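Engineer: In our numbering, the protein residues as written are 687 to 812.
The beta-carbon is built from N, C-alpha and C at its ideal position, and this holds for glycine as well.
Predicted, not measured: the structure shown is a model, and the values here were computed from it.
1. If we ignore side chains and look at the alpha-carbon of each, how far apart do residue 704 and residue 692 end up?
2. Figure out for me which residue from 797, 755 and 806 has the closest Cα to the Cα of residue 772.
3. Quick one: Cα of residue 694 to Cα of residue 775, how far?
4. Can you tell me the Cα-Cα spacing of residue 733 and residue 745, whole angstroms?
5. Relative to the C-alpha of residue 747, which residue among 793, 796, 688 and 784 is closest?
6. First and last residue of the beta strand (DSSP E) that includes residue 806?
7. In or out: residue 780 buried (at least 16 other Cβ within 10 Å) or exposed?
8. Among the residues of its own chain, which have a CB less than 7 Å from the CB of residue 688, if the five just before and after it don't count?
9. Less than 8 Å between C-beta atoms, sequence neighbours within five positions excluded: which residues of the same chain meet that for residue 728?
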């Protein structure tokens, strides 16, 4: 069975969409939930299992306007896991989408980009 998930955004959590069939995941909004690990548990578990499969392409669009340090740590761990699984016929693309005036998110994207060796990481400034 192909996994699909869609969570609507709230005041402290982002919109999340996963479409396994298309090899696509999207985060959009803000993320400062009190318990980040619990909130993202389904997403993290799915991603860990998905990265073990024989997919060929996966795209993650991350358009968070704000996130707390707990979310930053979770995002870095997810990105490192994706980076570790990129290559050997697995094309993983991350689009870090932000605006020119969001200095913190731009800087965070640049820092994350420096940590990646195998996946394609694009800083998309709107």
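Structural biologist: Once the coordinates are examined:
1. Numbered from its first residue, the chain shown carries residue 704 at position 18. Numbered from its first residue, the chain shown carries residue 692 at position 6. Looking at the two C-alpha atoms, the distance is approximately 6 Å.
2. Numbered from its first residue, the chain shown carries residue 772 at position 86. When only C-alpha atoms are compared, the closest one is 806.
3. Residue mapping note: residue 694 aligns to position 8 of the chain shown, counting from 1. Residue mapping note: residue 775 aligns to position 89 of the chain shown, counting from 1. So the two alpha carbons sit approximately 33 Å from each other.
4. Taking the first residue of the chain shown as position 1, residue 733 is located at position 47. Taking the first residue of the chain shown as position 1, residue 745 is located at position 59. When rounded, the distance between both Cα atoms is 12 Å.
5. Within the chain shown, numbered from 1, the residue matching residue 747 stands at position 61. Per the Cα distances, 784.
6. Indexing the chain shown from 1 puts residue 806 at position 120. 806 to 811 is the span of the beta strand (DSSP E), which, as asked, contains residue 806.
7. Translated into positions along the chain shown, residue 780 becomes position 94. The residue is buried, with at least 16 neighbouring Cβ atoms inside 10 Å.
8. Within the chain shown, numbered from 1, the residue matching residue 688 stands at position 2. Around residue 688: 706 and 707.
9. Here residue 728 corresponds to residue number 42 of the chain shown, with the count starting at 1. 691, listed in sequence order.
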